[in-house]
Amino acid sequence: MASGERLRPVDLAREHGLSTQAIRNYEQAGILPGAGRTPHGYRTYTPRHAQALRAFLALVPAHGHQTATSIMQAVNRGAVEDALKIIDESHAQLLDDRRTLLAVETALRDLTPAAPPGPGVTFIGPLARKLGIRPATLRKWEQAGLVRPRRDSQTGYRVYTAADVRDAQLAHQLRRGGYLLEQIAPLIEQVRAAGGLAPLEDALRDWRGRLSARGRAMLTGAAELDTYLRRIAT
51 MASGERLRPV
61 DLAREHGLST
71 QAIRNYEQAG
81 ILPGAGRTPH
91 GYRTYTPRHA
101 QALRAFLALV
111 PAHGHQTATS
121 IMQAVNRGAV
131 EDALKIIDES
141 HAQLLDDRRT
151 LLAVETALRD
161 LTPAAPPGPG
171 VTFIGPLARK
181 LGIRPATLRK
191 WEQAGLVRPR
201 RDSQTGYRVY
211 TAADVRDAQL
221 AHQLRRGGYL
231 LEQIAPLIEQ
241 VRAAGGLAPL
251 EDALRDWRGR
261 LSARGRAMLT
271 GAAELDTYLR
281 RIAT
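The sequence shown lines up with residues 51 to 284 when you count with this note's numbering.
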């Protein structure tokens, strides 16, 4: 594709199965550089625009639509360092997510078959502080069935046993991993009933696979973006 070749919106759209309106929307959002115009006012694009589109579409599965948009906007306004900073932050988030997964796996290795309810070991305030969350969050988790503290017969305070603390810690880790309350509740319920880790193996395998896919997508996105940066530098 020659550098001076003129392309129509449909030429860019056809390569990726997009609509011509999507191409116009990407241009208006700053994802693509501004298009040229014919004497009759029709948009014309170049191979530079085509590579910008390839870069953006490769960045989306790696960093998400919003972050990919911010990266391309920064590049197209000449703020390459800003774009690289955004990418660095996204890589740091992936690393943090990997550490979270490792923490969940480590926590699960320590889980043992459920024991009969024991004496209370803590209350809502201390447990919330230990997890770094608000007491209101623990109450919300209780409503969703993630934790089941008993009530002290004298004071009415919630009392969390060792098993309750374990469930709260597990819920906290899975929430950090991106799981919704309605996804976590049946997992914890199955762990309680089965007294083992098997119910979580599929979830952890899926989580690990999604992280690996993001990592691979980041490599692809980086390659396409580098090609675009080299093109606009010439």
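Ideal Cβ placement from N, Cα and C applies to all residues, glycine included. Predicted, not measured: the structure shown is a model, and the values here were computed from it.
Just the C-alpha distance for residue i and residue j, rounded to the nearest angstrom, thanks.
i: E232; j: A112; result: 26 Å
i: V171; j: L230; result: 27 Å
i: Q78; j: A118; result: 15 Å
i: L158; j: S203; result: 32 Å
i: G259; j: L151; result: 11 Å
i: Y95; j: D132; result: 25 Å
i: E288; j: I136; result: This structure cannot settle anything about residue 288, because the visible part of the chain is limited to 51 through 284.
i: L68; j: L107; result: 11 Å
i: A105; j: A221; result: 37 Å
i: L196; j: R87; result: 58 Å
i: D61; j: Q101; result: 12 Å
i: P185; j: L275; result: 44 Å
i: Y210; j: G228; result: 25 Å
i: R242; j: K180; result: 22 Å
i: T205; j: A212; result: 20 Å
i: T162; j: R64; result: Bear in mind that a pLDDT of 47 at T162, under 50, signals an unreliable position, so the number given afterwards is only what the model happens to contain. Distance between the alpha carbons of T162 and R64 is about 55 Å.
i: F173; j: L188; result: 11 Å
i: E55; j: P83; result: 16 Å
i: P59; j: L144; result: 34 Å
i: M122; j: H115; result: 11 Å
For residue i, which beta-bridge partners are listed by DSSP?
i: T289; result: Only positions 51 to 284 of the chain appear in this structure, which leaves residue 289 out of reach.
i: G86; result: T94
i: L57; result: Y95
i: R201; result: R208
Could you tell me which of the options sits nearest to residue i, measuring between CA atoms?
i: D214; options: L177, G227, R225, R226; result: L177
i: A272; options: Y207, A218, V125, Q223; result: V125
i: L279; options: P59, L103, A235, R149; result: L103
i: D146; options: M122, Q223, I282; result: Q223
Whether or not the region 127-146 and the region 262-276 are in contact is what I'm after, with contact meaning three or more pairs of Cβ atoms, one per stretch, closer than 8 Å; do they touch? yes
Using 8 Å as the threshold, is the region 64-82 in touch with the region 250-258, meaning 3 or more CB pairs across them? no
Going residue by residue through the region 104-163, where are the continuous alpha helix (DSSP H) segments of at least 4 residues, counting only ones entirely within it? 115-126, 130-159
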